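**Q**
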Amino acid sequence: MLNAGAKTNLNFLLSFFILLLLSSLSRGAIVRGFVWEKGTKEPLIGCNVYLEGTGFGSATNKEGYYVISGVKEGTYKIVFSYVGYKEISKILSFLKDTLITLNVELEREIIKLPEIKISARRSEFKEEVKGSAIKITPPEFKSFPHFLEADIIRSLQSLPGVITANDFSAALYVRGGAADQNLILLDGVNVYNPFHIGGLFSVFDLSALKSALFLTGGFPAEYGGRLSSVLDIDVKEGNKERYQGELGLSLLASKFLTEGPIPMLKKKNSSFLFSFRRTYFDKLLPLFKINFPYYFYDGHLKTNVEISPKTKIFFSGFFNFDVFDYGFHKTRIYFDWGNRTGSIFFRHLFTPQLFTKTYLTFSRYFYNIDIAEGLIWVKDWVNELSLKGEGIYYLRPNNELKFGLEGRMNQFTYDANIQGFSFDIKGKPEYFSLYLANKWKLNKFLLQPGLRMDNSFVSYKGQVSYYQLNPVIGIKYFLKEDLAGKVSLGRYSQFITALLPEFQPVPFLYVWVPTFGPYEPQIAYHFILGLEKFLGEEIFSSIEWYYKSYERLYEMNERADPLLIEETILKEGKGKSFGFDFLFRKDLGNLTGWFSYSFSWVKVKFGNKSYFPFYDRRHNLNLLGGYSFPRGFRLSGRVAFYSGNPYTQPIGRYRYWYWRYRYEKWHFFWSEIPGEKNNARYPPYLRIDLGLEKEWKVKNTNLITRLEIINLLNRKNLLFYYYDYEKDPPVKKGFYMLPIFPSLSFEWHF
Numbered sequence: 001m002l003n004a005g006a007k008t009n010l011n012f013l014l015s016f017f018i019l020l021l022l023s024s025l026s027r028g029a030i031v032r033g034f035v036w037e038k039g040t041k042e043p044l045i046g047c048n049v050y051l052e053g054t055g056f057g058s059a060t061n062k063e064g065y066y067v068i069s070g071v072k073e074g075t076y077k078i079v080f081s082y083v084g085y086k087e088i089s090k091i092l093s094f095l096k097d098t099l100i101t102l103n104v105e106l107e108r109e110i111i112k113l114p115e116i117k118i119s120a121r122r123s124e125f126k127e128e129v130k131g132s133a134i135k136i137t138p139p140e141f142k143s144f145p146h147f148l149e150a151d152i153i154r155s156l157q158s159l160p161g162v163i164t165a166n167d168f169s170a171a172l173y174v175r176g177g178a179a180d181q182n183l184i185l186l187d188g189v190n191v192y193n194p195f196h197i198g199g200l201f202s203v204f205d206l207s208a209l210k211s212a213l214f215l216t217g218g219f220p221a222e223y224g225g226r227l228s229s230v231l232d233i234d235v236k237e238g239n240k241e242r243y244q245g246e247l248g249l250s251l252l253a254s255k256f257l258t259e260g261p262i263p264m265l266k267k268k269n270s271s272f273l274f275s276f277r278r279t280y281f282d283k284l285l286p287l288f289k290i291n292f293p294y295y296f297y298d299g300h301l302k303t304n305v306e307i308s309p310k311t312k313i314f315f316s317g318f319f320n321f322d323v324f325d326y327g328f329h330k331t332r333i334y335f336d337w338g339n340r341t342g343s344i345f346f347r348h349l350f351t352p353q354l355f356t357k358t359y360l361t362f363s364r365y366f367y368n369i370d371i372a373e374g375l376i377w378v379k380d381w382v383n384e385l386s387l388k389g390e391g392i393y394y395l396r397p398n399n400e401l402k403f404g405l406e407g408r409m410n411q412f413t414y415d416a417n418i419q420g421f422s423f424d425i426k427g428k429p430e431y432f433s434l435y436l437a438n439k440w441k442l443n444k445f446l447l448q449p450g451l452r453m454d455n456s457f458v459s460y461k462g463q464v465s466y467y468q469l470n471p472v473i474g475i476k477y478f479l480k481e482d483l484a485g486k487v488s489l490g491r492y493s494q495f496i497t498a499l500l501p502e503f504q505p506v507p508f509l510y511v512w513v514p515t516f517g518p519y520e521p522q523i524a525y526h527f528i529l530g531l532e533k534f535l536g537e538e539i540f541s542s543i544e545w546y547y548k549s550y551e552r553l554y555e556m557n558e559r560a561d562p563l564l565i566e567e568t569i570l571k572e573g574k575g576k577s578f579g580f581d582f583l584f585r586k587d588l589g590n591l592t593g594w595f596s597y598s599f600s601w602v603k604v605k606f607g608n609k610s611y612f613p614f615y616d617r618r619h620n621l622n623l624l625g626g627y628s629f630p631r632g633f634r635l636s637g638r639v640a641f642y643s644g645n646p647y648t649q650p651i652g653r654y655r656y657w658y659w660r661y662r663y664e665k666w667h668f669f670w671s672e673i674p675g676e677k678n679n680a681r682y683p684p685y686l687r688i689d690l691g692l693e694k695e696w697k698v699k700n701t702n703l704i705t706r707l708e709i710i711n712l713l714n715r716k717n718l719l720f721y722y723y724d725y726e727k728d729p730p731v732k733k734g735f736y737m738l739p740i741f742p743s744l745s746f747e748w749h750f
């Protein structure tokens, strides 16, 4: 049950919603419709639609839908502008209170630098608040060098504000936040551990994805449940006009993708998409008498059927599975982990101005460890079942209201047995969320206020309820035609945390536990100030200053009491981070790329100890560029320079003696005496990558070959130090990251 404070705030939200509707009812004509890609009918997200010379405009949502309301009688030119596509315009005549439905298809643009692309970028600049938001499409991710395969999460590590731990981890540390503070959504469903190979790659096949929105801070009220960032990924709907496919082969894996209209439902404006990817070393290397005990696979499936012009139903599913199975000297080491997600959602237009979606979703994350046939075993899983609804109400011109609610049930289970000692942590929390968000263009201002209410119910020595009210606001002010200032403020809460030991250089098995009993939700406050400017017509630049205050944080307590594991597994602390991010981006013309620089300072305090976490890094510089030559050639490169991460340097050693029954005598090994936590820093990191791509036209198909060289200079970037205690005095040595590594990949589109 909601407590008194929750009920009061819920009534306030509903009253505010009704008042806003009554005060903003639009009069005048309305034009609405969908914008699709020509040839596939794939919805175009964020296409800018405006009435020339009026200041009235809109941007398409995730389904490609737009509305412009409150239009006065007269004749206007309506313009559809989207980066990478030919701009089109039409003349419309409006009568009083009439409704015009106008669906359009935009054709891909092959000319490198048309004026229409420039106007599309400018229109997006004027219509979006975009506080700490970056939109990138899969073709952009693929256009720069990458290790073995293009990877969406790996690519984000080149963006400002994002820290990467090392070459072997794709985990994101955003503006001072830990890796478990990022909300990752795939078609609206939570994905709890999106990594293969212990974090080296993400589980998402880029070829199956339509777009990604990455929010590094100050995110609006429709997103909640995490403290640091949001990665919102949409899977393609599939080609509605014809069947097409893709085959891919790299040193990592082979993959297959097919899409097209559903055969029995061609008249229903339907489509499907299916992709599957698998490694093959475990099958090929044994032919050469080489044992390779690891493999993974993953896949996407999405279908959609248009029931009526107003209603459409979607199904989206995703799965991945990793297995490591190794035996030596009659001892078996077995790991497996993976995700399963599924969602059914309905899109419905109640009125031209009211667009809604209803979701029923399921998500499961699991992992299992079995060493020496049960001597050590761990089982962990998270199940989530969610029902949620969301909508957009297009009010007066340049004013839209977003609203939504969600009910969610989770089941967390962590069972472990380590050499006879066993313990388990279980929880079945329930969550309820409600949000309202408004985007309003008022003269030179773009305003985006919002309010989110989150409530959790946990059974722990009785029913425990945690209630959080999180206000957010984003403001953009246009100082000039090509210059804008922006500010974002927000409060964010998180009801779950992951047990991630900091000493692991490559953390990959996330043990999720809910906040319950003595642990209240984690809290963070975001304060962001920024400037955006166009330099000429092709180059976009931005700078943002940020400050984040973590009022409540948790980390794994490595000295937890086994008899009171639930009460002692977590340590509570606080933290703060500040810095600035600079982005200089050119994505038009033959020469494209971006330059990003971030300055960051992070410090946390647990108990009486303050220290810099291992993801505190002062300087992060990334330069990515590519040039498209005639005849389908493209040369690309990346330079990454980072200052060193903190680590704990030992100050001494001692002998640890133990009795070996087999030899009936005492033995010892050297154990280190640690100094103050993270009292030293590793040397700076430098890596230069180079890539060459060639596209071949083969009848009605395209063959793309890519050659990449990772770490062109073969620089030894340090992962961690260790000591050789066989020497006296001990010798300090280093374990290094990726050496120079060439790779070759192929894609055939048919």
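Here the sequence shown stands for residues 1 to 750, where the numbers follow the UniProt record's numbering.
Glycine is no exception: its CB is placed at the ideal position from the N, C-alpha and C atoms.
Keep in mind the model is a prediction, meaning the values are calculated, not measured.
Keeping to the same chain, check which residues put their C-beta closer than 6 Å to that of N417; ignore five residues upstream and five downstream.
**A** Here residue 417 is taken as the residue at index 417 of the sequence shown, counted from 1. Excluding sequence neighbours, N417 sits near W377.
**Q** Short check: CB of D689 to CB of R634, under 8 Å?
**A** Taking the first residue of the sequence shown as position 1, residue 689 is located at position 689. Taking the first residue of the sequence shown as position 1, residue 634 is located at position 634. Not a contact, by the Cβ cut-off of 8 Å.
**Q** Going by other Cβ atoms of all chains shown within 10 Å of its Cβ, with 16 needed for buried, is D167 buried or exposed?
**A** Counting from one through the sequence shown, the residue named residue 167 turns up at place 167. Buried: at least 16 other Cβ atoms inside 10 Å.
**Q** Considering only their Cβ atoms, is the gap separating S671 from Y654 smaller than 8 Å?
**A** Walking along the sequence shown from the start, residue 654 turns up at place 654. Walking along the sequence shown from the start, residue 671 turns up at place 671. Yes, they are a contact pair.
**Q** Tell me which residues share the same chain as L251 and place their Cβ nearer than 6 Å to its Cβ, disregarding the 5 neighbours each side in the sequence.
**A** As a first step, residue 251 must be located in the sequence shown, where it is residue number 251. Excluding residues within five positions, the ones whose Cβ falls inside 6 Å are L148, S743.
**Q** The alpha helix (DSSP H) with I290 in it runs from where to where?
**A** For the purposes of this step, residue 290 is identified with residue 290 of the sequence shown, where counting begins at 1. That residue, I290, is in no alpha helix (DSSP H); it is neither H nor E in DSSP.
**Q** Pick from K379, N61, N443: whose alpha carbon is nearest that of N398?
**A** Locating residue 398 in the sequence shown gives position 398, counting from the first residue. Of K379, N61, N443, the residue nearest in Cα terms is N443.
**Q** Using only alpha-carbon positions, find the residue among V472, F423, R332, K426 that is nearest to L436.
**A** On the sequence shown, position 436 is the one that residue 436 refers to. Cα-wise, what sits closest to L436 is V472.
**Q** Cα separation between S541 and G625?
**A** Within the sequence shown, the letter at position 541 stands for residue 541. Within the sequence shown, the letter at position 625 stands for residue 625. Taking the straight line joining both Cα atoms gives about 15 Å.
**Q** Report yes if the CB atom of R175 is closer than 8 Å to the CB atom of S745, and no otherwise.
**A** For the purposes of this step, residue 175 is taken as residue 175 along the sequence shown, with counting starting at 1. For the purposes of this step, residue 745 is taken as residue 745 along the sequence shown, with counting starting at 1. Not closer than 8 Å, so no.
**Q** May I have the straight-line CA-CA distance separating residue 786 from L719, to the nearest angstrom?
**A** There is no way to answer for residue 786, as the model of the chain reaches only from 1 to 750.
**Q** Once DSSP output is grouped into helix, strand and coil, what is the label at Q181?
**A** Locating residue 181 in the sequence shown gives position 181, counting from the first residue. Three-state DSSP puts Q181 in a helix.
**Q** For R706 and N608, what's the separation of their Cα atoms in angstroms?
**A** Against the sequence shown, residue 706 aligns to sequence position 706. Against the sequence shown, residue 608 aligns to sequence position 608. Whole-angstrom Cα-Cα distance: 52 Å.
**Q** For I673, which residues of its own chain have a beta-carbon under 8 Å away from its beta-carbon, when the five flanking residues on both sides are left out?
**A** Position 673 of the sequence shown, counted from the start, is the residue given in the question as residue 673. If we look at I673 and ignore the five residues flanking it on each side, its Cβ neighbours are P650, I651, G652, R653, Y654.
**Q** From the DSSP output, read off the bridge partner residues of E384.
**A** Start at 1 with the first residue of the sequence shown, and residue 384 comes out as number 384. BP columns for E384 point to S363, N410.
**Q** Can you tell me whether DSSP reads D728 as helix, strand or coil?
**A** Taking the first residue of the sequence shown as 1, we reach residue 728 at position 728. Three-state result, D728: coil.
**Q** For residue 774, which of helix, strand or coil comes out of DSSP?
**A** The structure shown does not extend to residue 774, since the chain is modelled only from 1 through 750, so no value can be given for it.
**Q** So G33 and V79 are in contact, right, with Cβ under 8 Å, and what is the actual spacing, rounded?
**A** By 1-based counting over the sequence shown, the position of residue 33 is 33. By 1-based counting over the sequence shown, the position of residue 79 is 79. At roughly 13 Å, the Cβ-Cβ gap does not stay under 8 Å, so G33 and V79 are not in contact.
**Q** For the ligand GTP, is there any heavy atom lying closer than 7 Å to the beta carbon of E555?
**A** Absence of the ligand GTP from the depicted structure is noted, as is the absence of any ligand whatsoever, leaving it without description.
**Q** Ignoring anything shorter than 4 residues or poking outside the UniProt domain "TonB-dependent receptor plug" (150-226), list the alpha helix (DSSP H) runs there in chain order.
**A** Those alpha helix (DSSP H) runs which fall completely within the UniProt domain "TonB-dependent receptor plug" (150-226) and span 4+ residues are 152-156.
**Q** Assuming A640 and R687 form a contact by the criterion Cβ under 8 Å, report the distance between their Cβ atoms to the nearest whole angstrom.
**A** The residue you call residue 640 lines up with position 640 of the sequence shown. The residue you call residue 687 lines up with position 687 of the sequence shown. Sure, about 5 Å apart at Cβ, within 8 Å.
**Q** If you draw a straight line from the C-alpha of P739 to the C-alpha of S202, how long is it?
**A** As a first step, residue 739 is located in the sequence shown; it is residue number 739 there, counting from the start. As a first step, residue 202 is located in the sequence shown; it is residue number 202 there, counting from the start. When rounded, the distance between both Cα atoms is 21 Å.
**Q** Measure the C-alpha to C-alpha separation of F445 and I68 and round it to an integer number of angstroms.
**A** For this step, residue 445 is matched to residue 445 along the sequence shown. For this step, residue 68 is matched to residue 68 along the sequence shown. Their backbone Cα atoms lie some 19 Å apart in a straight line.
**Q** Between which two residues does the alpha helix (DSSP H) carrying E566 extend?
**A** Position 566 of the sequence shown, counted from the first residue, corresponds to residue 566. E566 -> alpha helix (DSSP H) spans 565-568.
**Q** Mapping DSSP to helix, strand and coil, what is S23?
**A** Counting from one through the sequence shown, the residue named residue 23 turns up at place 23. Note that S23 scores a pLDDT of 48, beneath 50, so its modelled location is shaky; the value from the coordinates is reported in the next line. Of the three classes helix, strand and coil, the one that applies to S23 here is helix, per DSSP.
**Q** Can you tell me which of the three DSSP states D454 falls into?
**A** Here the question's residue 454 lines up with position 454 in the sequence shown. Correct three-state label for D454: strand.
**Q** Residues in the same chain with beta-carbon distance under 6 Å from L495, minus the five sequence neighbours each way, listed in chain order, please.
**A** Locating residue 495 in the sequence shown gives position 495, counting from the first residue. Residue identity differs from the one stated: residue 495 is Phe in this sequence, not Leu. Closer than 6 Å at the Cβ level, and outside the excluded window around F495, lie S456, T515, P521.
**Q** Give me the Cα-Cα distance between F195 and A171, rounded to the nearest whole angstrom.
**A** Counting from one through the sequence shown, the residue named residue 195 turns up at place 195. Counting from one through the sequence shown, the residue named residue 171 turns up at place 171. Spanning the two alpha carbons is a distance of roughly 8 Å.
**Q** Is L213 near K236, with beta carbons less than 8 Å apart?
**A** Translated into positions along the sequence shown, residue 213 becomes position 213. Translated into positions along the sequence shown, residue 236 becomes position 236. For L213 and K236, no; Cβs fall outside 8 Å.
**Q** In terms of DSSP beta bridges, what is residue 761 paired with?
**A** Past the boundaries of the shown model lies residue 761; the chain is included only from 1 to 750, so the question cannot be answered.
**Q** Could you tell me if H300 is buried or exposed, where buried requires 16 or more neighbouring beta carbons within 10 angstroms of its beta carbon?
**A** In the sequence shown, the residue the question calls residue 300 occupies position 300. Buried, by the Cβ-count rule.
**Q** In three-state terms, what does DSSP make of K444?
**A** Here residue 444 is taken as the residue at index 444 of the sequence shown, counted from 1. The answer is coil: DSSP assigns K444 none of H, G, I, E or B.
**Q** From which residue to which residue does the beta strand (DSSP E) around F80 run?
**A** Sequence index remark: in the sequence shown, residue 80 carries index 80 (1-based). 74-81 is the span of the beta strand (DSSP E), which, as asked, contains F80.
**Q** Excluding five sequence neighbours on each side, which residues of the same chain lie with their C-beta closer than 7 Å to the C-beta of Y477?
**A** If you number the sequence shown from 1, residue 477 lands on position 477. If we look at Y477 and ignore the five residues flanking it on each side, its Cβ neighbours are K444, F445, A484, G485.
**Q** Taking Y492 as the reference, which of R552, I313, G675 has the closest Cα?
**A** Translated into positions along the sequence shown, residue 492 becomes position 492. Selected option, being the one with the closest Cα: R552.
**Q** Relative to the C-alpha of G362, which residue among I369, L354, R347, N383 is closest?
**A** As a first step, residue 362 must be located in the sequence shown, where it is residue number 362. The amino acid occupying residue 362 in the given sequence is Phe; Gly does not appear at that position. Of the listed residues, the one whose Cα sits closest to F362 is N383.
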